[in-house]
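Asker: Just dropping this structure here.
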Amino acid sequence: MVLRTWYMVQFTMNLYPILQSHIEQAQALPISEERKAVLQVLIDYIQKKIDQHQEINLNYICTHNSRRSQFSQIWGKVAAAYHGIDINSFSGGVEVTAFNERAVASIKRFGFKISKEGEGNPKYFVLYSEDEDPIVTFSKVYDDAANAPKGFAAIMTCSHADENCPYIPGAEARIPVRYEDPKAFDDTLDEEKKYDERSLQIASEMLFVFSKIKK
0 MVLRTWYMVQ
10 FTMNLYPILQ
20 SHIEQAQALP
30 ISEERKAVLQ
40 VLIDYIQKKI
50 DQHQEINLNY
60 ICTHNSRRSQ
70 FSQIWGKVAA
80 AYHGIDINSF
90 SGGVEVTAFN
100 ERAVASIKRF
110 GFKISKEGEG
120 NPKYFVLYSE
130 DEDPIVTFSK
140 VYDDAANAPK
150 GFAAIMTCSH
160 ADENCPYIPG
170 AEARIPVRYE
180 DPKAFDDTLD
190 EEKKYDERSL
200 QIASEMLFVF
210 SKIKK
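Under numbering that gives the first Met the number 0, the first residue of the sequence shown carries the number 0, and numbering increases by one thereafter.
Rendered as structure tokens:
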């Protein structure tokens with residue numbers, strides 16, 4: 000009999016079929032040795048929390064909390080659940096904008112089911128399985144009340160936030176995992192392609208991270 004602990008999720012997750020196919024696509028992407036070295040810091044942090052039977056709080060941070068950090072919050076949670084690991088996945092920025100509609104559209108193309116509440120800076124409820132609670136996402140500062148106030152890893156997903164926020168109150172670890180901003184391709188013919196490429200890269204790397212965790 001397998002014992003259920005707070006960090007091990009004992010279930011068979013029924014992912015939406017389109018999402019499942021994209022996860023398989025993400026798992027097949029190559030990751031360079033240089034990039035694996037970057038991700039190893041995050042792997043080591045999570046493994047230490049598992050070994051010490053402690054809650055895992057990950058706060059993905061970029062300047063506007065609109066694209067890369069939102070992708071990371073969503074894929075971090077899904078990748079952890081996919082590998083049977085219970086985490087709390089958050090995101091934040093240094094200023095409030097909104098979960099960019101282009102990034103939302105990309106998540107929809109990947110097979111997530113999304114509902115929206117409010118205008119301006121709406122909350123999005125992102126479902127990856129009918130068996131699981133939705134991931135709640137909206138733009139906010141990293142120390143918003145919706146996020147863990149302390150005992151979390153600040154995962155810096157953009158160079159601007161990493162370079163301009165030398166101190167993150169409440170963070171017990173600071174881990175740079177930077178991604179290029181798909182914003183550079185807004186309103187171009189490559190817009191959808193580049194947003195999907197970035198989302199798939201983040202999915203691939205988060206799936207890699209949690210695949211290395213020993214439970």
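Ideal Cβ positions, reconstructed from N, Cα and C, are used throughout, including at glycine. Fair warning: this is a prediction, and the values are worked out from it, not measured in the lab.
1. Among Ser198, Ser71, Ser114, whose alpha-carbon lies nearest the alpha-carbon of alanine 153?
2. Return the chain-ordered ranges of every alpha helix (DSSP H) run that is complete within the region 107-155 and spans a minimum of 4 residues.
3. Taking the beta carbon of aspartate 161 as the centre, do at least 16 other beta carbons fall within 10 Å, making it buried, or is it exposed?
4. Which of helix, strand or coil does DSSP assign to lysine 213?
5. According to DSSP, leucine 57 sits in a beta bridge with which residue or residues?
6. Using 8 Å as the threshold, is the region 137-148 in touch with the region 87-95, meaning 3 or more CB pairs across them?
7. For aspartate 130, which of Leu41, Lys122, Tyr81 has the nearest alpha-carbon?
8. Pick out whichever of Arg34, Val125, Pro16, Ile86 has its Cα sitting closest to the Cα of phenylalanine 151.
9. Do the region 17-35 and the region 54-61 meet, that is, are 3 or more Cβ pairs less than 8 Å apart?
10. Under 8 Å Cβ to Cβ from alanine 97, same chain only, skipping five residues before and after it: list those, please.
11. Secondary structure at arginine 34, three-state DSSP: helix, strand or coil?
12. Where arginine 197 and arginine 67 are concerned, what is the direct C-alpha to C-alpha distance, given to the nearest angstrom?
13. Any idea what DSSP makes of methionine 205, helix, strand or coil?
14. Does DSSP put isoleucine 73 in a helix, a strand or coil?
15. On the DSSP bridge assignment, give the partners of leucine 28 in chain order.
16. What's the gap between the Cα of phenylalanine 219 and the Cα of valine 77?
17. Tell me whether alanine 172 sits in a helix, a strand or coil according to DSSP, three-state version.
18. Is DSSP giving leucine 188 helix, strand or coil here?
19. Give the straight-line distance between the Cα atoms of serine 31 and threonine 156, rounded to the nearest whole angstrom.
20. Using 10 angstroms around the beta-carbon of serine 114, count the other beta-carbons present and answer buried if the total reaches 16, otherwise exposed.
Answerer: Based on what the coordinates show:
1. Ser71
2. Under the rule that a run must span 4 or more residues, no alpha helix (DSSP H) segment is found entirely inside the region 107-155.
3. buried
4. coil
5. In DSSP, leucine 57 forms a bridge with Ser88, Ala152.
6. Enough Cβ pairs lie closer than 8 Å, so yes.
7. Tyr81
8. Ile86
9. no
10. So the list reads Ser65, Gly119, Asn120, Pro121, Phe137, Ser138, once near-sequence residues are dropped.
11. helix
12. 8 Å
13. helix
14. helix
15. In DSSP, leucine 28 forms no bridge with anything.
16. Since the displayed the chain opens at 0 and closes at 214, residue 219 lies outside it and no answer follows.
17. The DSSP-derived three-state label of alanine 172 is strand.
18. coil
19. Taken atom to atom, the span from the alpha-carbon of serine 31 to that of threonine 156 is near 18 Å.
20. Exposed, by the Cβ-count rule.
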